[in-house]
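**Student:** Before I ask anything, let me first share the structure, which is written out below as structure tokens.
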Amino acid sequence: MQNISKTLTLAIITAVTIAACNTTHEEKPMEDNVLLQEWTGSYGGVPAFDKMKLEDVKPAMLRGMELHLIEINKIATNEDAPTFENTIEELERAGQELNRAFTYYGILSGNMSSPEFREVQAELSPLLSEYQTKITQNSTLFYRIKTVYDAAKAKPLESEQQRVIELIYKEFEMNGAQLDAAQKAEYAGISTQLSTLYNTFSSNVLHDEENYVTYLTAEQLGGLPEGFIKSAASIAADKGQEGKYAITNSRSSMDPFLTYATDRELRKQVWTNYYSRGDNGDEYDNNTLIAEILQLRRKKVEILGYKNFAEWRLQDRMAKNPENALALMEAVWSASIARVDEEVADMQAVADSEGATLENSSADRSIEPWDYRFYAEKVRKEKYGLNSEEVKQYLQLDKLTEAMHYVASRLFDYEFTPLAEGTIPVYHPDVRVWEVTHKTTGENVGLWYLDPYAREGKRSGAWANKFRSHTTLDGEKNVLATNNSNFVKPAEGEALLVSWDDATTFFHEFGHALHFFSSNVKYPTLNGGVRDYTEFQSQLLERWLSTDEVINNYLVHNKTGEPMPAALVQKIKNAATFNQGFSTTEYLASALMDMKFHLADPTNMDVNKFERETLAELKMPKELPMRHRTPHFGHVFSGEGYATAYYGYMWADVLTADAAEAFAEAPGGFYDKELAAKLVKYLFAPRNAIDPAEAYRLFRGRDATIEPLMRDRGFPVGE
Ligand SMILES: [Zn+2]
Numbered sequence: 012m013q014n015i016s017k018t019l020t021l022a023i024i025t026a027v028t029i030a031a032c033n034t035t036h037e038e039k040p041m042e043d044n045v046l047l048q049e050w051t052g053s054y055g056g057v058p059a060f061d062k063m064k065l066e067d068v069k070p071a072m073l074r075g076m077e078l079h080l081i082e083i084n085k086i087a088t089n090e091d092a093p094t095f096e097n098t099i100e101e102l103e104r105a106g107q108e109l110n111r112a113f114t115y116y117g118i119l120s121g122n123m124s125s126p127e128f129r130e131v132q133a134e135l136s137p138l139l140s141e142y143q144t145k146i147t148q149n150s151t152l153f154y155r156i157k158t159v160y161d162a163a164k165a166k167p168l169e170s171e172q173q174r175v176i177e178l179i180y181k182e183f184e185m186n187g188a189q190l191d192a193a194q195k196a197e198y199a200g201i202s203t204q205l206s207t208l209y210n211t212f213s214s215n216v217l218h219d220e221e222n223y224v225t226y227l228t229a230e231q232l233g234g235l236p237e238g239f240i241k242s243a244a245s246i247a248a249d250k251g252q253e254g255k256y257a258i259t260n261s262r263s264s265m266d267p268f269l270t271y272a273t274d275r276e277l278r279k280q281v282w283t284n285y286y287s288r289g290d291n292g293d294e295y296d297n298n299t300l301i302a303e304i305l306q307l308r309r310k311k312v313e314i315l316g317y318k319n320f321a322e323w324r325l326q327d328r329m330a331k332n333p334e335n336a337l338a339l340m341e342a343v344w345s346a347s348i349a350r351v352d353e354e355v356a357d358m359q360a361v362a363d364s365e366g367a368t369l370e371n372s373s374a375d376r377s378i379e380p381w382d383y384r385f386y387a388e389k390v391r392k393e394k395y396g397l398n399s400e401e402v403k404q405y406l407q408l409d410k411l412t413e414a415m416h417y418v419a420s421r422l423f424d425y426e427f428t429p430l431a432e433g434t435i436p437v438y439h440p441d442v443r444v445w446e447v448t449h450k451t452t453g454e455n456v457g458l459w460y461l462d463p464y465a466r467e468g469k470r471s472g473a474w475a476n477k478f479r480s481h482t483t484l485d486g487e488k489n490v491l492a493t494n495n496s497n498f499v500k501p502a503e504g505e506a507l508l509v510s511w512d513d514a515t516t517f518f519h520e521f522g523h524a525l526h527f528f529s530s531n532v533k534y535p536t537l538n539g540g541v542r543d544y545t546e547f548q549s550q551l552l553e554r555w556l557s558t559d560e561v562i563n564n565y566l567v568h569n570k571t572g573e574p575m576p577a578a579l580v581q582k583i584k585n586a587a588t589f590n591q592g593f594s595t596t597e598y599l600a601s602a603l604m605d606m607k608f609h610l611a612d613p614t615n616m617d618v619n620k621f622e623r624e625t626l627a628e629l630k631m632p633k634e635l636p637m638r639h640r641t642p643h644f645g646h647v648f649s650g651e652g653y654a655t656a657y658y659g660y661m662w663a664d665v666l667t668a669d670a671a672e673a674f675a676e677a678p679g680g681f682y683d684k685e686l687a688a689k690l691v692k693y694l695f696a697p698r699n700a701i702d703p704a705e706a707y708r709l710f711r712g713r714d715a716t717i718e719p720l721m722r723d724r725g726f727p728v729g730e
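The sequence shown begins at 12 in this note's numbering and counts up by one.
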């Protein structure tokens, strides 16, 4: 995923760090707070992570907001007639101090969090939302933006400027800038109410995650891998249950437990805890809260003149409207549930053949949701003979890093050179930095920061972020990009071995970084991401992991140095479509539910009943649940980032599969020079300067079709 720490509004209306400019703007006095100060040193200036202190964060953020609002006010009250230069360009320049403060804030929140920081975060979050409203509801400012926008509609500006004014105008319009005073107050009131409900939603889920731990005794560990048992023991000890084994109510604990545990009753218990989060009928139950959220969202967009939240949300996305998003999901749905039937039949055969030898086996051996992962794993071993431990021996993190740099050199003409420790300030000794240059010209592109290891206070998962984006508004700025993961740090001198999935994710995040590096836009706003498009570039880059060039040179055995054998590569490729019924169906059920909830009439809605009836209408197979059941669907109800947007992963995957086929068919395959040049020129470098659908057409010569995605997942193509 890509870290979008600020809301879209903020991303668009605050310029992305532009250092000292040599135009006629008056010099600003230097701020005392180090987090607000301009970045100094080589490589165009870099964040002073060595000087970062927690106590500076809150004052820096407050002062940063204040400074930005002063700038905004100056732009809004300019006595000259509004022009693109004195309004839009100035908006793009404003907010640099706050942007710098946000860089440190982002590190402290994602990479180095602490209870003390979370207190600061809680204090700042309502203030940040007020600050945003002050900008989006500034009618003097909006009047100037609208004047420039109307003029550009009559007489278009050059293409980048035209795109910027359209995006900024839309952003303000979507956030209520054109409303009258009474409507604005109502709109702001609803926004505040919603932000409180989002918070409560999250803390309710968190409560149920922390309070439904299953403690096992040594006799209840049947089937579980040794590593899993060890970590379950240490978690239990941490929780004061020495000698027991803790299965926490989180995906990372639940998923392997259900895959390996032989005790069926325990599987049922762990499954039930997990899929009941936020749905336990107590004070932490989220069902009424969701009904309230849906009503308020509907009310909010009705003030703006939209029929429903989905229509409002999707207008500036690649899908454009809910109908297009639904059409894609429905096109894949029937193939997906048909595949579930086949998978269940395969699993049933295994279960039947095991008969009564299973522990706690009841007379009824039909596959239940808590059996799916368990029997799928058995089928996987039987059908594909793939041993994940064997694969791991060929996946060393250092070699994978070299492999990614190799791919970047072939496709993007980049060279990655490691910088000696101490060259650049970092916030933790584990963070390493590379200089990125253009191979041919030697020109600096930017710096790549890699923070690979898990540590206390670092959020889970993997993500990409940037400290500075490319712009040429006031001279060319280079890019500071970062990749983050949570690998367990190996002992000194030992190779870090990772799974195939983790290697894929490592490439994925690097795809986001390349997307940042390759930007050639002039205006900061054009670096913004479009939610259903921005995962495409990163998903596509995953495909280079299994190219021959990477396998033969970088996927080498950690002891013998031999490249991964062809037979093993083939096994991995064969297994790629395995269990796609399960993963596609669990994902799509959530994505469809997200959309349908926001299209339905929210008056007096019974959330539980709506979920049940919708699943029945969809003919959801009874053997598996949605990936995220509604009462704990944080993407959709703990904020607005992914509300009516969960479909976006599949939307992007249609493009990914289609673009990957273009490479597979090219004369030079995945390293075809001509196609690689088009990839950079149309799909990466323009960021959001070109409409995504148009950009894809320029790359492919046509729109993407759904068939490659169906083939990738092993689903039948065409009726
Ligand atoms: Zn991503």
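Even for Gly, the Cβ is constructed at its ideal location relative to N, Cα and C.
#1: Using C-beta distances below 7 Å, list every residue in its chain close to R174, excluding the 5 sequence neighbours before and after it, in chain order.
#2: Just curious, the beta strand (DSSP E) that G251 is in, first and last residue?
#3: Alpha carbon to alpha carbon, what distance is there between I301 and D617?
#4: Which word fits V68, buried or exposed, when buried means at least 16 other C-beta atoms lie within 10 angstroms of its C-beta?
#5: Could you compute how far the alpha carbon of W282 sits from the alpha carbon of S150?
#6: Please state whether the Cβ-Cβ distance between Y198 and I314 is less than 7 Å.
#7: Tell me, which residues are paired with K164 by DSSP?
#8: Please indicate yes or no: does the CB of E546 lie closer than 6 Å to some heavy atom of ligand 1?
#9: In the structure shown, what three-state DSSP assignment does W381 receive?
#10: Quick one, which of K584, H481, N569, A475 has its alpha-carbon nearest G504's?
#11: Give me the Cβ distance between A654 and V665, rounded to the nearest whole Å; I'm assuming they're in contact under 8 Å.
#12: Would G472 be called buried (16 or more neighbouring beta carbons within 10 Å of its own) or exposed?
#13: How about the segment 703-714 and the segment 548-565: do they share at least three Cβ pairs that are nearer than 8 Å?
#14: Report yes if the CB atom of S530 is closer than 7 Å to the CB atom of H481, and no otherwise.
#15: What whole-angstrom Cβ distance do G522 and A492 have, given they're in contact under 8 Å?
#16: When burial is assigned at 16 or more other CB atoms within 10 Å of the CB, is V216 buried or exposed?
#17: Within 10 angstroms of the Cβ of Q143, are there 16 or more other Cβ atoms? Answer buried if so, exposed if not.
#18: Could you spell out where the alpha helix (DSSP H) holding V418 opens and where it closes?
#19: Whole angstroms is fine: what's the gap from P697's alpha carbon to A272's?
#20: What is the rounded straight-line gap between the Cα of F589 and the Cα of F239?
#21: Could you give the DSSP three-state label for I99: helix, strand or coil?
#22: For A670, collect the residues of the same chain with a Cβ closer than 6 Å to its Cβ; drop the 5 residues on either side in sequence, then sort them by chain order.
#23: Using 8 Å as the Cβ pair cut-off and three pairs as the minimum, do the segment 200-218 and the segment 560-575 touch?
#24: Note the first and the last residue of the continuous beta strand (DSSP E) segment covering T448.
#25: What do you reckon, are the CB atoms on V442 and Y460 nearer than 7 Å?
#26: Does DSSP put L507 in a helix, a strand or coil?
#27: Is the segment 187-195 close to the segment 146-160, with three or more CB pairs under 8 Å?
#28: Here's the rule: buried if 16 or more other CB atoms are within 10 angstroms of the residue's CB, otherwise exposed. What is K607?
#29: Starting from P703, trace the beta strand (DSSP E) in both directions and tell me its first and last residue.
#30: Under the three-state reduction of DSSP, which class applies to E426: helix, strand or coil?
#31: Quick one: what's N741 bridged to in DSSP?
#32: For a test of the three-state rule: what should DSSP assign to P727, helix, strand or coil?
#33: Rank D702, E634, D357 by C-alpha distance to the C-alpha of M329 and give the top, closest one.
#34: Measuring only the C-alpha atoms, how far is H36 from I81?
#35: Does the structure place the segment 215-229 close enough to the segment 306-326 that three or more beta carbon pairs sit under 8 Å?
**Tutor:** Once the coordinates are examined:
#1: Taking the first residue of the sequence shown as position 1, residue 174 is located at position 163. L537, A700.
#2: What you label residue 251 is simply residue 240 of the sequence shown in a count that begins at 1. Counting along the chain, G251 falls outside any beta strand (DSSP E), and DSSP gives it neither H nor E.
#3: For this step, residue 617 is matched to residue 606 along the sequence shown. For this step, residue 301 is matched to residue 290 along the sequence shown. Cα to Cα, the separation comes out at about 9 Å.
#4: The sequence position of residue 68 within the sequence shown is 57, counting from 1. Label assigned to V68: buried.
#5: To locate residue 282, count along the sequence shown from 1; it is residue 271. To locate residue 150, count along the sequence shown from 1; it is residue 139. Each residue's alpha carbon lies about 52 Å from the other.
#6: Here residue 198 refers to the residue found at position 187 when the sequence shown is read from its first residue. Here residue 314 refers to the residue found at position 303 when the sequence shown is read from its first residue. Against a cut-off of 7 Å, the Cβ pair of I314 and Y198 comes out as a contact.
#7: Position 153 of the sequence shown, counting from 1, holds the residue named residue 164. Beta-bridge pairing links K164 to no other residue.
#8: Here residue 546 refers to the residue found at position 535 when the sequence shown is read from its first residue. Ligand 1 approaches E546 closely enough that one of its heavy atoms is under 6 Å from the residue's Cβ.
#9: For the purposes of this step, residue 381 is taken as the residue at position 370 of the sequence shown. Here W381 sits in helix by DSSP.
#10: Locating residue 504 in the sequence shown gives position 493, counting from the first residue. Out of K584, H481, N569, A475, N569 has the C-alpha closest to the C-alpha of G504.
#11: As a first step, residue 654 is located in the sequence shown; it is residue number 643 there, counting from the start. As a first step, residue 665 is located in the sequence shown; it is residue number 654 there, counting from the start. 21 Å between Cβ atoms; not a contact.
#12: By 1-based counting over the sequence shown, the position of residue 472 is 461. Burial call: exposed.
#13: no
#14: The count along the sequence shown starts at 1 and reaches residue 530 at position 519. The count along the sequence shown starts at 1 and reaches residue 481 at position 470. Against a cut-off of 7 Å, the Cβ pair of H481 and S530 comes out as a contact.
#15: Start at 1 with the first residue of the sequence shown, and residue 522 comes out as number 511. Start at 1 with the first residue of the sequence shown, and residue 492 comes out as number 481. Rounded, the Cβ-Cβ distance is 11 Å, inconsistent with contact.
#16: In the sequence shown, the residue the question calls residue 216 occupies position 205. Buried: at least 16 other Cβ atoms inside 10 Å.
#17: As a first step, residue 143 is located in the sequence shown; it is residue number 132 there, counting from the start. It counts as buried.
#18: Counting from 1 along the sequence shown, the entry for residue 418 is found at position 407. Per DSSP, V418 belongs to the alpha helix (DSSP H) from 408-423.
#19: Position 686 of the sequence shown, counted from the first residue, corresponds to residue 697. Position 261 of the sequence shown, counted from the first residue, corresponds to residue 272. Each residue's Cα considered, the two are about 49 Å apart.
#20: Residue mapping note: residue 589 aligns to position 578 of the sequence shown, counting from 1. Residue mapping note: residue 239 aligns to position 228 of the sequence shown, counting from 1. Each residue's alpha carbon lies about 24 Å from the other.
#21: In the sequence shown, the residue the question calls residue 99 occupies position 88. DSSP places I99 in helix when its eight states are reduced to three.
#22: To locate residue 670, count along the sequence shown from 1; it is residue 659. Only L551 meet the Cβ criterion.
#23: no
#24: The residue given as residue 448 occupies position 437 in the sequence shown. Residue range 443-449 is occupied by the beta strand (DSSP E) that includes T448.
#25: Here residue 442 refers to the residue found at position 431 when the sequence shown is read from its first residue. Here residue 460 refers to the residue found at position 449 when the sequence shown is read from its first residue. Yes, Cβ-Cβ distance for V442 and Y460 is below 7 Å.
#26: Here residue 507 is taken as the residue at index 496 of the sequence shown, counted from 1. The answer is coil: DSSP assigns L507 none of H, G, I, E or B.
#27: yes
#28: As a position in the sequence shown, residue 607 is number 596, starting the count at 1. Answer is buried; the Cβ neighbour count reaches 16.
#29: In the sequence shown, residue 703 corresponds to position 692, counting from 1. From DSSP, P703 is part of no beta strand (DSSP E) but of the alpha helix (DSSP H) over 703-711.
#30: Position 415 of the sequence shown, counted from the first residue, corresponds to residue 426. Strand at E426.
#31: Lying before the first or after the last residue shown, residue 741 is absent from the chain, which here runs from 12 to 730.
#32: Taking the sequence shown and counting its residues from 1, the one referred to as residue 727 is at position 716. Looking at P727 - three-state DSSP - the assignment turns out to be coil, as it is neither helix nor strand.
#33: Your numbering for residue 329 matches position 318 in the sequence shown. When only C-alpha atoms are compared, the closest one is D702.
#34: Stepping through the sequence shown from its first residue, residue 36 is reached at position 25. Stepping through the sequence shown from its first residue, residue 81 is reached at position 70. Any reading at H36 must be qualified, since the residue scores a pLDDT of 49, below 50, and its modelled position is unreliable; no value is offered.
#35: no
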